[in-house]
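One structure below.
There are 2 protein chains.
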Amino acid sequence: MEESTAPTSKKGAKKAEAKAKKEALKAQRAAELAAAAANVTLEDDPAAESYGDRRSATSLLFSHAAEEVEIRSLNESHIGKTVIVRAWLQNSRVQSAKMGFLELRKSGNWSIQGIVMASEEEPIVSRRMVKWVMGINPESFVAVEAKVKQPLEPIKSCRVEGLELHITKCYLLASAPSMLGMTLAVANQPIVNFSDDKAPVGDVQADKTTVPAASMLTHLDNIAMHKRSPVQQAIADIRIEVKRLFRSYLEDRGFKEFEPPCLIGAASEGGGNVFRLPYFGEEAFLAQSPQFYKQFEIAGGRERVFSIGPVFRAENSNTARHMTEFTGLDIEMEIKESYTEVRDILEGVLLYIFRGIQERCADAIAAVQSVYPSEPFLLPEPGKEVRLTFAEAQKLLREEGPPEFANVRDDEDMSTPQEKALGEVVRSKFKTDFYVIDKFPETARPFYAKIDDTATPVGDGVRVTNAFDFFARNQEILSGGQRINDAVELEARIRAKGVDPDSAGIKEYLAVFRSVGVPSHGGGGIGLDRVVAWYLGLPSVHLAAYYPRTPKRLSP
Amino acid sequence: MEESTAPTSKKGAKKAEAKAKKEALKAQRAAELAAAAANVTLEDDPAAESYGDRRSATSLLFSHAAEEVEIRSLNESHIGKTVIVRAWLQNSRVQSAKMGFLELRKSGNWSIQGIVMASEEEPIVSRRMVKWVMGINPESFVAVEAKVKQPLEPIKSCRVEGLELHITKCYLLASAPSMLGMTLAVANQPIVNFSDDKAPVGDVQADKTTVPAASMLTHLDNIAMHKRSPVQQAIADIRIEVKRLFRSYLEDRGFKEFEPPCLIGAASEGGGNVFRLPYFGEEAFLAQSPQFYKQFEIAGGRERVFSIGPVFRAENSNTARHMTEFTGLDIEMEIKESYTEVRDILEGVLLYIFRGIQERCADAIAAVQSVYPSEPFLLPEPGKEVRLTFAEAQKLLREEGPPEFANVRDDEDMSTPQEKALGEVVRSKFKTDFYVIDKFPETARPFYAKIDDTATPVGDGVRVTNAFDFFARNQEILSGGQRINDAVELEARIRAKGVDPDSAGIKEYLAVFRSVGVPSHGGGGIGLDRVVAWYLGLPSVHLAAYYPRTPKRLSP
Numbered sequence: 001m002e003e004s005t006a007p008t009s010k011k012g013a014k015k016a017e018a019k020a021k022k023e024a025l026k027a028q029r030a031a032e033l034a035a036a037a038a039n040v041t042l043e044d045d046p047a048a049e050s051y052g053d054r055r056s057a058t059s060l061l062f063s064h065a066a067e068e069v070e071i072r073s074l075n076e077s078h079i080g081k082t083v084i085v086r087a088w089l090q091n092s093r094v095q096s097a098k099m100g101f102l103e104l105r106k107s108g109n110w111s112i113q114g115i116v117m118a119s120e121e122e123p124i125v126s127r128r129m130v131k132w133v134m135g136i137n138p139e140s141f142v143a144v145e146a147k148v149k150q151p152l153e154p155i156k157s158c159r160v161e162g163l164e165l166h167i168t169k170c171y172l173l174a175s176a177p178s179m180l181g182m183t184l185a186v187a188n189q190p191i192v193n194f195s196d197d198k199a200p201v202g203d204v205q206a207d208k209t210t211v212p213a214a215s216m217l218t219h220l221d222n223i224a225m226h227k228r229s230p231v232q233q234a235i236a237d238i239r240i241e242v243k244r245l246f247r248s249y250l251e252d253r254g255f256k257e258f259e260p261p262c263l264i265g266a267a268s269e270g271g272g273n274v275f276r277l278p279y280f281g282e283e284a285f286l287a288q289s290p291q292f293y294k295q296f297e298i299a300g301g302r303e304r305v306f307s308i309g310p311v312f313r314a315e316n317s318n319t320a321r322h323m324t325e326f327t328g329l330d331i332e333m334e335i336k337e338s339y340t341e342v343r344d345i346l347e348g349v350l351l352y353i354f355r356g357i358q359e360r361c362a363d364a365i366a367a368v369q370s371v372y373p374s375e376p377f378l379l380p381e382p383g384k385e386v387r388l389t390f391a392e393a394q395k396l397l398r399e400e401g402p403p404e405f406a407n408v409r410d411d412e413d414m415s416t417p418q419e420k421a422l423g424e425v426v427r428s429k430f431k432t433d434f435y436v437i438d439k440f441p442e443t444a445r446p447f448y449a450k451i452d453d454t455a456t457p458v459g460d461g462v463r464v465t466n467a468f469d470f471f472a473r474n475q476e477i478l479s480g481g482q483r484i485n486d487a488v489e490l491e492a493r494i495r496a497k498g499v500d501p502d503s504a505g506i507k508e509y510l511a512v513f514r515s516v517g518v519p520s521h522g523g524g525g526i527g528l529d530r531v532v533a534w535y536l537g538l539p540s541v542h543l544a545a546y547y548p549r550t551p552k553r554l555s556p
Numbered sequence: 001m002e003e004s005t006a007p008t009s010k011k012g013a014k015k016a017e018a019k020a021k022k023e024a025l026k027a028q029r030a031a032e033l034a035a036a037a038a039n040v041t042l043e044d045d046p047a048a049e050s051y052g053d054r055r056s057a058t059s060l061l062f063s064h065a066a067e068e069v070e071i072r073s074l075n076e077s078h079i080g081k082t083v084i085v086r087a088w089l090q091n092s093r094v095q096s097a098k099m100g101f102l103e104l105r106k107s108g109n110w111s112i113q114g115i116v117m118a119s120e121e122e123p124i125v126s127r128r129m130v131k132w133v134m135g136i137n138p139e140s141f142v143a144v145e146a147k148v149k150q151p152l153e154p155i156k157s158c159r160v161e162g163l164e165l166h167i168t169k170c171y172l173l174a175s176a177p178s179m180l181g182m183t184l185a186v187a188n189q190p191i192v193n194f195s196d197d198k199a200p201v202g203d204v205q206a207d208k209t210t211v212p213a214a215s216m217l218t219h220l221d222n223i224a225m226h227k228r229s230p231v232q233q234a235i236a237d238i239r240i241e242v243k244r245l246f247r248s249y250l251e252d253r254g255f256k257e258f259e260p261p262c263l264i265g266a267a268s269e270g271g272g273n274v275f276r277l278p279y280f281g282e283e284a285f286l287a288q289s290p291q292f293y294k295q296f297e298i299a300g301g302r303e304r305v306f307s308i309g310p311v312f313r314a315e316n317s318n319t320a321r322h323m324t325e326f327t328g329l330d331i332e333m334e335i336k337e338s339y340t341e342v343r344d345i346l347e348g349v350l351l352y353i354f355r356g357i358q359e360r361c362a363d364a365i366a367a368v369q370s371v372y373p374s375e376p377f378l379l380p381e382p383g384k385e386v387r388l389t390f391a392e393a394q395k396l397l398r399e400e401g402p403p404e405f406a407n408v409r410d411d412e413d414m415s416t417p418q419e420k421a422l423g424e425v426v427r428s429k430f431k432t433d434f435y436v437i438d439k440f441p442e443t444a445r446p447f448y449a450k451i452d453d454t455a456t457p458v459g460d461g462v463r464v465t466n467a468f469d470f471f472a473r474n475q476e477i478l479s480g481g482q483r484i485n486d487a488v489e490l491e492a493r494i495r496a497k498g499v500d501p502d503s504a505g506i507k508e509y510l511a512v513f514r515s516v517g518v519p520s521h522g523g524g525g526i527g528l529d530r531v532v533a534w535y536l537g538l539p540s541v542h543l544a545a546y547y548p549r550t551p552k553r554l555s556p
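Sequence lines, in order, name chains A and B.
Using the numbering used here, the first residue of the first sequence is number 1, and each one after it goes up by one.
Using the numbering used here, the first residue of the second sequence is number 1, and each one after it goes up by one.
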């Protein structure tokens with residue numbers, strides 16, 4: 001078939017009504033086929049062995065000469081050859097009683113056109129076989145044997161445009177139901193509602209000529225179809241590449257991976273947003289970050305470490321930026337001379353990631369853009385990275401930002417609206433969506449942040465820290481900086497922040513710094529989901545997660 | 001110095017009493033030095049700028065020509081050159097008022113001898129400086145400037161035997177306390193007691209001539225020193241390599257990484273050993289395995305996936321084999337023709353890991369063996385992998401195992417003592433510590449295990465499954481097999497196992513199989529901590545974890 005179900009193609013955009021009719025027709029056809037199949041014998045149908053419901057398809061079913069290939073690996077060298085292909089039947093269209101078209105899909109978005117045509121010559125394809133194949137429900141898993149041919153014209157609706165499969169055998173390995181909870185076309189539309197509310201939101205149809213779009217709830221209730229959509233396959237592939245680039249950049253620079261625990265004995269970093277659970281008669285907590293454990297690795301002589309793993313926030317925030325469980329990419333390293341060594345490694349790894357996915361995931365990024373269009377993500381030219389001090393950033397916001405921020409102070413933390421406004425100013429002034437805000441005032445950082453004694457205080461005499469945030473498209477993706485490595489200084493800061501140095505968790509943390517000499521060190525934590533979501537300009541971080549966790553959603 | 005603190009060297013084994021005396025002397029010396037230092041002025045000491053407590057050491061403190069190097073990177077090309085080295089001061093020994101020896105250590109177990117000798121020629125080293133350097137507490141972090149020279153004889157006590165550092169500057173960057181909670185020598189002794197009981201166990205000294213050994217509790221209470229020990233550095237490095245080999249083998253074969261959630265909405269896989277927690281007015285659970293989510297990835301068209309992440313068991317088992325949180329290495333893949341495709345990938349990845357670490361981590365393995373000696377881990381010759389069916393294994397145990405297992409049945413699960421006895425038989429018969437037990441009876445497997453309809457039932461007519469366990473040194477390290485992929489078959493098995501298909505978690509799981517066609521698939525889960533621990537023959541899996549979690553221990 002040459003119509004496409006991709007939402008960007010007008011030709012392929014079918015009306016919802018037509019779809020419903022088609023589904024009904026298919027169901028009817030399937031019922032007829034089931035009735036007919038019960039009476040089929042070898043005498044009735046010379047092709048009876050070439051199709052049917054088989055559950056598993058061993059090589060015995062196929063021709064000896066047929067080679068099993070993946071759709072993504074098919075190329076011109078296969079023309080004229082007989083191949084075996086396992087794939088999802090994405091769509092089918094009856095041309096006549098003797099002929100029908102299929103779309104087969106595998107490996108994310110690798111689709112190819114299949115043709116099944118009645119033939120009285122070997123290999124025999126009966127009309128009954130054509131009818132049976134055309135009755136297979138979309139999103140069923142099939143194995144076909146086919147001859148690879150060159151189509152008369154490129155098949156625009158399929159990723160493999162220059163080849164088609166002339167099917168001579170077709171076995172149904174796993175059948176989808178006749179009515180899917182969400183079709184692939186709908187699954188590949190932009191999500192219209194990210195609310196977690198259980199109240200029925202209804203899936204909307206923008207206008208009668210387009211494929212209807214669904215809510216995030218419908219997507220999650222149809223998790224398999226959600227995942228099968230080309231846009232989600234592309235996002236998942238990009239996410240994998242981000243992790244891979246993170247790891248390889250750091251390993252090349254001597255960083256060693258480690259696994260911090262999730263279960264911890266105390267709500268050590270501020271008790272507000274922490275999950276608590278009963279633990280053999282005591283209480284346990286879920287780690288909000290690997291912060292303390294990264295520092296223990298440094299104290300333990302591991303020099304440069306990174307971790308990739310889940311972190312938890314019991315925050316009742318139902319926004320597109322929040323999840324209760326997300327993946328942290330964390331690093332910690334010894335500092336030789338200056339905390340800028342840490343800042344440079346973190347800036348380096350993020351630029352490596354952004355440039356790496358631009359290069360390696362161009363197709364996947366294009367697939368995402370086709371569903372969720374966004375402005376290209378601007379990166380600074382090498383050597384022209386944008387690093388503003390907190391005070392410089394606030395000045396920029398006062399002078400060039402919107403009027404409501406004309407009086408922002410250098411000694412108070414930025415709000416989310418301020419961050420967004422600053423991002424706009426930075427983008428138009430420096431032509432970058434990625435930048436660093438450095439030297440945060442101590443009021444805006446936790447007790448372990450190292451104060452810069454050499455810097456001039458800001459605002460009402462507030463000291464600044466060797467700590468920074470990184471931003472992507474106006475939103476924070478990383479927090480980091482130098483940590484206090486001296487036990488005496490650390491205890492003083494803990495007290496100054498109003499925390500009891502003898503409280504659970506803090507006591508054990510301080511004890512490590514007292515127990516041995518700990519060298520200067522620093523690090524940072526990156527939110528993987530946010531990096532993926534904001535780089536791609538997605539409307540919600542939930543789209544970048546495999547199984548988003550929110551205050552109202554724990555399944556699937 | 002040429003004495004070694006390594007426990008294998010008799011020469012270096014110091015008496016505990018001598019140690020205590022030395023500590024007392026050091027403390028006294030440090031006090032004297034502190035008093036003296038208060039009066040030091042440039043006039044008093046021509047070398048005053050060349051040493052001292054600096055907290056941070058910028059390049060301004062060092063000679064322009066000095067190059068900063070890592071101890072592990074030092075080689076003959078550095079002889080005669082002036083270098084800057086940052087390292088832990090591992091030990092020091094005063095030779096005279098004019099001369100002393102140091103051991104410096106970095107990057108795990110890379111140690112080198114340092115010499116500080118009074119000199120009136122440039123660069124000037126004063127007697128006061130020698131005394132001050134000798135007073136630095138062991139395990140402090142220092143930066144030294146030194147000339148690299150060739151020692152008269154190889155320094156057997158250091159890993160870098162062929163070089164020594166003639167120190168001309170020495171700055172203390174982070175001071176250890178005068179009395180460590182656990183010395184490095186003790187930290188590198190085999191742990192004598194793995195009990196988690198809070199009752200004082202006391203750290204024992206086997207006899208008066210050896211370095212005393214400590215309990216696991218003492219190790220965990222001194223986490224930084226525990227980690228700094230060469231044996232723990234080696235175990236951590238081996239663990240990293242296991243993960244890296246796992247990932248690279250699978251990525252080369254088209255597997256894609258994903259992250260299953262830890263927080264789940266239902267105790268889906270048997271409710272006994274699951275942690276529960278309050279979740280915004282509802283209840284949440286911590287995942288016991290990524291099983292369901294791996295299968296959702298297959299249903300979602302991801303074809304071949306793997307995950308590396310934490311799993312949780314609320315099991316009150318205080319043994320050397322159990323932890324409440326551990327790292328799972330999981331895979332799941334589509335099956336084309338047979339579940340043996342899954343078995344072969346899993347066997348392949350484990351052999352790749354075992355052979356890979358033997359090759360890449362020879363030094364680290366030797367370091368572990370020097371503390372925890374064990375029989376070499378035997379691997380099968382390529383093509384001679386040992387795969388027994390469950391029935392064959394039980395037969396072997398009946399016929400060649402100890403008499404108490406003369407009546408084990410083919411239709412009942414193996415106990416841990418049975419597994420151990422079988423491992424002994426397999427090792428002596430097949431000369432391997434790694435083997436597969438396949439075709440477990442359905443009574444011993446969860447509801448999702450696929451039954452082999454073609455196999456003869458065992459025992460009292462119990463059917464066998466396409467499921468297997470892998471063993472290393474008699475202990476299970478992997479469970480895997482083919483899963484049921486048809487919703488009707490799955491529901492029937494769920495019912496047959498006495499589980500309500502409408503119960504929380506199960507209902508949503510079944511719904512996925514009903515919602516789309518899911519191809520044949522299978523997979524397995526490997527316990528990373530166990531693979532490391534049993535490969536190395538460690539006495540407890542807790543030694544292979546970074547921060548072991550047990551029913552009685554959640555810190556550090």
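Just so it is clear, CB atoms sit at the ideal spot from N, CA and C, and this is done for glycine as well.
Check	Outcome
Where do the N-terminal and C-terminal ends of the beta strand (DSSP E) with B:Asp330 fall, by residue?	325-334
What's the C-alpha gap between A:Ala455 and A:Pro373?	43 Å
What residues from the region 62-87 of chain A come within 8 Å of chain B, judged by C-beta to C-beta, listed N to C?	Glu68, Arg86
Tell me, please, which residues DSSP counts as bridged to B:Val415.	The sequence shown places Ser at residue 415 of chain B, rather than the Val named in the question. DSSP lists no partner for B:Ser415.
Sort out for me which residues DSSP pairs B:Arg304 with in a bridge.	B:Met333
From B:Asn485 to B:Val518, what distance separates their C-alpha atoms?	6 Å
According to DSSP, is A:Ala504 part of a helix, a strand, or is it coil?	coil
Is A:Tyr279 helix, strand or coil by DSSP?	strand
B:Leu350 to B:Glu476, Cα distance in whole Å?	13 Å
Run through chain B and tell me which residues come within less than 7 Å of A:Ala267, C-beta to C-beta.	Near A:Ala267 there are no residues of chain B at all, since even the closest Cβ is about 12 Å away, more than 7 Å.
Kindly list, in the order they appear in chain B, the residues whose Cβ is closer than 8 Å to that of A:Thr327.	Glu259
Using a beta-carbon distance cut-off of less than 7 Å, what residues from the region 139-165 of chain A approach chain B?	Glu139, Ser140, Phe141
Looking at the secondary structure, which residues open and close the beta strand (DSSP E) in which A:Gly480 lies?	475-483
What does A:Glu303 reach in chain B if we use C-beta pairs closer than 7 Å?	Ser107
Is it true that the CB of B:Phe326 sits closer than 8 Å to the CB of B:Leu250?	no
Less than 8 Å separating the beta-carbons of A:Ala57 and A:Leu165?	no
Any beta-carbon of chain B closer than 8 Å to the one on A:Val512?	yes
Using the C-alpha atoms, what's the distance from A:Gly383 back to B:Tyr293?	43 Å
Would you give the residue range spanned by the alpha helix (DSSP H) that B:Met99 belongs to?	Note, B:Met99: premise wrong, no alpha helix (DSSP H); beta strand (DSSP E) at 99-106.
At a Cβ cut of 9 Å, what residues of the region 166-199 of chain B count as close to chain A, listed as they run along the chain?	Leu172, Leu173, Ala174, Ser175, Ala176, Pro177, Leu180, Gly181, Met182
In the DSSP assignment, the alpha helix (DSSP H) including B:Lys243 goes from what residue to what residue?	230-251
For a contact defined as C-beta to C-beta under 7 Å, what are the partners of B:Tyr293 on chain A?	Tyr547
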